Amino acid sequence: MEIPEKYDANEAEARWRERWEADQIYAWDPSRPREETFVVDTPPPTVSGELHIGHVFSYAQQDLIVRYQRMLGRNIAYPMGWDDNGLPTERRVQNVFRIRPSRELPYDPEWQPSADRGPKEAVEEVSRLNFIEACERVCEEDEQAFEALWRQAGLSVDWKLGYRTIDAHCRRTAQLSFLDLHERGQVYQTLSPAMWDADFATAIAQAEVEDREKPGAYHDIRFAIEDGGELLIATTRPELLGACIAVVAHPDDERYQKLFGKTAVTPLFHAPVPILPAAHADPEKGTGILMVCTFGDAMDVEWWRNSGLPLRQLIGPVGRIVPAHWGEPPFQTREPEAAARAHAELEGRTVKQAQRRIVELLGDDGSLVGEPRPITHPVKFYERGERPLEYVPTRQWFVKLLEHKDALLEQGRKITWHPPHMRTRYDNWVEGLNQDWCISRQRFAGVPFPVWYPIDEAGAPDFERPLLAERERLPVDPLAEPPPGYGPEQRDQPGGFAADPDVMDTWATSSLTPQITSHWATDPGRHERLFPADLRPQSHEIIRTWAFYTIVKAWMHEGQIPWHHITISGWILDPERKKMSKSKGKVMTGSELLSEHSTDAIRYWSGRARLGVDTVLDPSVFKQGRRLTTKLFNASRFVLGQLEDSGADLGAVATNEIREPLDLAYVARLRGLVERASGAFERFDYAGALQATEEHFWEFCDDYLELVKLRSYAEQDGAGRHSAVATLLLALRTFLRLFAPFLPFVTEEIWSWRFGDGGARSIHRESWPCLAESDDVPAPAQAESFACAMEVLRKIRQTKTQAKRSLRWPVERLEVRGEAGPRAALEAALSDVLSAGNADPEACKVAQGAAPEGERFSVCATLSEQAD
RNA sequence: AGGCACGUAGCUCAGUGGGAGAGCACUACCUUGACGCGGUAGGGGUCGCCGGUUCAAUCCCGGCCGUGCCUACCA
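Residue numbers in the first sequence follow my numbering, run continuously in steps of one, and reach 1239 at the last position.
Rendered as structure tokens:
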């Protein structure tokens, strides 16, 4: 095969991508047994339209491990899924098309989403199904972009194993999971205050909550005490005054002890509320006495639950103040009319607006003492939300977690974490759980609950007796299909049924990715072969969601761990050390960087980064990768060129012809590399393998190649030449395969020239280098020959550089002094040293003598007056 | 506030109980018989600070400082 002079990475990479796809070299073979299989539980990226280099970085790291395993001969099951459920998708669709879903509107088959509607036009309301269609359309476009990126990045995915979390198979799996957990008593429904995002108007789970430091202010508000006197409440949420159900202070707080049992009266609303001791009141904070509202925070919820006091819900599902009938329970008041007047001022306002207004009212009323005192404090947000969470009493489905903490910690310990300290994050999360998993979302684009409720003759749904779908009929859409035993005309009729209107948390589906790939729901035989998976690669911020929930599900359904190993990638940081996905301004897309620097160079950069370690985006590392690629190309060209140019039959040289002392010593080094790189990969330490390989490769080029260059193309076709060529070929075959996971394109290109039969045998299906390949090469008598030869050659080079001569400049006379041991090792390889240094063998003297501290030889090279 | 991790050359990062390293950047030189998308040589670091263990500490232990993340913190 013709060996090109220059390497055109973009051309070669495009060519090999097509070839690999055509040859299906990454296909999983369903006929091979479990023990030969390596199953990857690949992260299904959230199809949200953002494509940045951070994605490429972490997915490339998985691919390194996968490619190593493939070269060990494993049958790889490496799927790629898309997570197109959930709020990120809905939000994008809402913004792109400027539409809002409505539960009331009927489906309009003519309607088409259009991104061209200008920002000035009103937001359009569309039916649930039209909205879902728009979501699917956006996802499909994004999925194509992602797939193109993954292909460009050289991921060795078997695309036939792909899935989308909204496809029928995934919906069936998620619904089956729900039914199974229901049967096992691990899910329950309850009507209680749930953490609520007002913009999305849905409940969310603890795992999706994050704290943000926000400015706020203490407002000191005067409450009357019914027997006379008053107290001062400090609150950051004056707008919840109407929701106040009690006033509490610490039981040991002497300032307030005498008030316990009395009744306070709120300003504006004149509501009588008990003054009670409560352990959670901190005497140091605010005024030491606080109002309990329904609901200001999690503490309020917990305290209310145990108090038996009424629920005065003020904040509605869209984050505005709802109507209230002051004077009627639960809104007891001493002055109904005044309370109603105050409430009218707030009703319909958002929380923020209501706060501003009530502060004015309290000021006018004389109940606000002094000016608000600004503070910053942590406020809980839905991680993708923009308004602080509220607590809204609603009916939600939960998966039991709190009673299983110990078991879940135990499951975590059965999994090998890479790096190990990442398990601590899992442990911290499990230990800190304070709620069960809320899995229902009051949204649209997601997997519906396979549940209906019977409606009694009075028209009220009976939530205690849910009607569950039959397993064989999954997936179902309860909003479109009737439950077993009912007809469609009975929907929402007395004596009929009502569908559960909610969809599941996106994690309720993505926590099943191992079972989705294994076809747990439909194919027990395949499940047996693919579950548990071997590897879960992911990033650290979703340990508490994806890793955690996946462990939960595998344990609840089958008492199993979902995978044996979990690898945690670090983040890519921009030059300001911010996470790439959060970078502001212009960020180069992954595709741009791959084209500019070549995929191999970008993968090299990924491979350099250790698991779990955040990495700054540094183009100098791309450059290093590019340089390595070029060097590999050129060195290979030289080695294989020896075979091409030769009149002699060097194509048949074999390892058993390796006899020269220098070559034997070099093969010994190469064997050390194979052991080191393989050991590193076995520990999932691809970066260690790359580092070892790269170091050895540069040594191979700069030192070994230079030493044997002349011998390898010596005029006479002798044993020395055969030994050199055989060693070069062994080394090249070894390096190419050691680099193949990192640099899949250039290694394949080179492999195809001679070893791969023009690409018919892909390097990616060759076997990983092993010691047996060089077992017929005897151990060197002088193991130090290579090191000694290099030391002398370096000193000759040094002399020439200092004399500002080229490296081929002839050496007229060479004197080497050293001890007997090193001398013997050197002399075994002396002829190679002399030819590499262009020194006259007749004028070379090696003798007994002292060497400088820490070195073996003292070398004196006298350069010729003139070049040859 | 607790936990985990990190702090090594100007930058990005390896590393080990005994010699401080790589790439980039920088300096000088080499016009190359695989490679100028190259090569050779070189300058540059009290390995965050303070203690301890040890014959010996950048590495092990303790404390401190700084950075990042995880968890907690809404009156």
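In this text, a Cβ means the ideal position worked out from N, Cα and C, and glycines have one as well. Just so it is clear, the structure is predicted and the values come from calculations on it, not from any experiment.
(request) Please say whether Glu1137 and Met442 have beta carbons closer to each other than 8 Å? (result) yes
(request) Please classify Val619: does DSSP put it in a helix, a strand, or coil? (result) strand
(request) Report buried or exposed for Lys1171, applying the criterion of at least 16 other Cβ atoms within 10 angstroms of its Cβ. (result) buried
(request) Classify Asp945 as buried or exposed, calling it buried when 16 or more other Cβ atoms lie within 10 Å of its own Cβ. (result) buried
(request) Could you tell me if Ile1029 is buried or exposed, where buried requires 16 or more neighbouring beta carbons within 10 angstroms of its beta carbon? (result) buried
(message) Beta-carbon within less than 6 Å of Pro854's beta-carbon, same chain only, minus the 5 sequence neighbours each way: which residues are those?
(response) Trp823, Leu838 and Phe868
(request) Kindly indicate which three-state DSSP category Arg948 falls into: helix, strand or coil? (result) coil
(request) Report, in whole angstroms, the separation of the C-beta atoms of Gly719 and Ile692, which I expect to be a contact under 8 Å. (result) 6 Å
(request) Starting from Ile447, follow its DSSP beta bridges and name the residues at the other end. (result) Phe409
(request) Let me know if Arg860 comes out buried or exposed under the rule of 16 or more other beta-carbons within 10 Å of its beta-carbon. (result) Before going further, note that residue 860 is Glu rather than Arg in the sequence given. Per the 10 Å Cβ criterion, exposed.
(request) Could you give the DSSP three-state label for Glu852: helix, strand or coil? (result) coil
(message) Bridge partners for Gln767 per DSSP, in chain order?
(response) Thr561
(message) So for Lys377, helix, strand or coil by DSSP?
(response) coil
(message) Nearest by alpha-carbon distance to Arg1179: which of His1135, Tyr1084, Ala1150 and Ser1235 is it?
(response) Ser1235
(request) Have a look at the DSSP bridge pairing and note the partners of Val984. (result) DSSP, once it has assigned bridges, lists no residue as partnering Val984.
(request) Output yes or no for whether 8 Å exceeds the beta carbon distance between Gln577 and Leu883. (result) no
(message) So, with DSSP's three-state summary, where would you put Glu584?
(response) strand
(request) Pick helix, strand or coil for Cys541, following the three-state DSSP scheme. (result) helix
(message) Our contact map puts Ala569 next to Arg386 with C-beta atoms below 8 Å; I'd like the distance itself, whole angstroms only.
(response) The Cβ separation is near 53 Å, so there is no contact.
(request) Would you mind stating whether Gly1038 and Val1148 have Cβ atoms separated by less than 8 Å? (result) A small correction: the amino acid at residue 1038 is Val; Gly does not occupy that position in the sequence shown. Going by C-beta atoms, Val1038 is nearer than 8 Å to Val1148.
(message) Excluding the 5 residues flanking Leu526 on each side, which residues of the same chain have their C-beta closer than 7 Å to its C-beta?
(response) Tyr430 and Asp434
(message) I need the straight-line Cα distance from His928 to Ala1150, nearest angstrom please.
(response) 55 Å
(request) Have a look at Arg900 and Thr893 and give me their C-alpha separation to the nearest angstrom. (result) 13 Å
(request) Entirely within the segment 965 to 1050 and at least 4 residues each: give me those alpha helix (DSSP H) ranges in chain order. (result) 970 to 979 and 990 to 1016
(request) Output the distance between the C-alpha atoms of His1135 and Glu461, rounded to the nearest integer angstrom. (result) 40 Å
(message) Looking at the secondary structure, which residues open and close the beta strand (DSSP E) in which His748 lies?
(response) Leu739 to Tyr753
(request) Would you mind giving the Cβ-Cβ distance between Thr658 and Ile604, rounded to the nearest angstrom? I have them listed as a contact below 8 Å. (result) 7 Å
(request) With Gly659 as the anchor, note down where its alpha helix (DSSP H) starts and where it stops. (result) Where Gly659 is concerned, there is no enclosing alpha helix (DSSP H), given that its DSSP letter is neither H nor E.
(message) As a quick exercise: from Pro681, Pro648 and Thr606, pick the residue whose alpha carbon is nearest that of Ala642.
(response) Pro681
(message) Here's the rule: buried if 16 or more other CB atoms are within 10 angstroms of the residue's CB, otherwise exposed. What is Arg608?
(response) buried
(request) Quick one: using the 10 Å Cβ neighbour count with 16 as the cut-off for buried, is Val494 buried or exposed? (result) exposed
(message) Rounded to whole angstroms, what is the Cα-Cα separation between His590 and Glu742?
(response) 7 Å
(message) Which same chain residues end up closer than 8 Å to Leu661 when comparing Cβ atoms and leaving out the 5 residues on each side of it in sequence?
(response) Ile604, Ala605, Thr606, Val618, Val619, Ala620 and Ala652
(message) What would DSSP say about Cys1159, mapped onto helix, strand or coil?
(response) helix
(message) Looking at the secondary structure, which residues open and close the beta strand (DSSP E) in which Val1230 lies?
(response) Phe1228 to Leu1234
(message) Which of the three DSSP states is assigned to Pro1181 in this structure?
(response) coil
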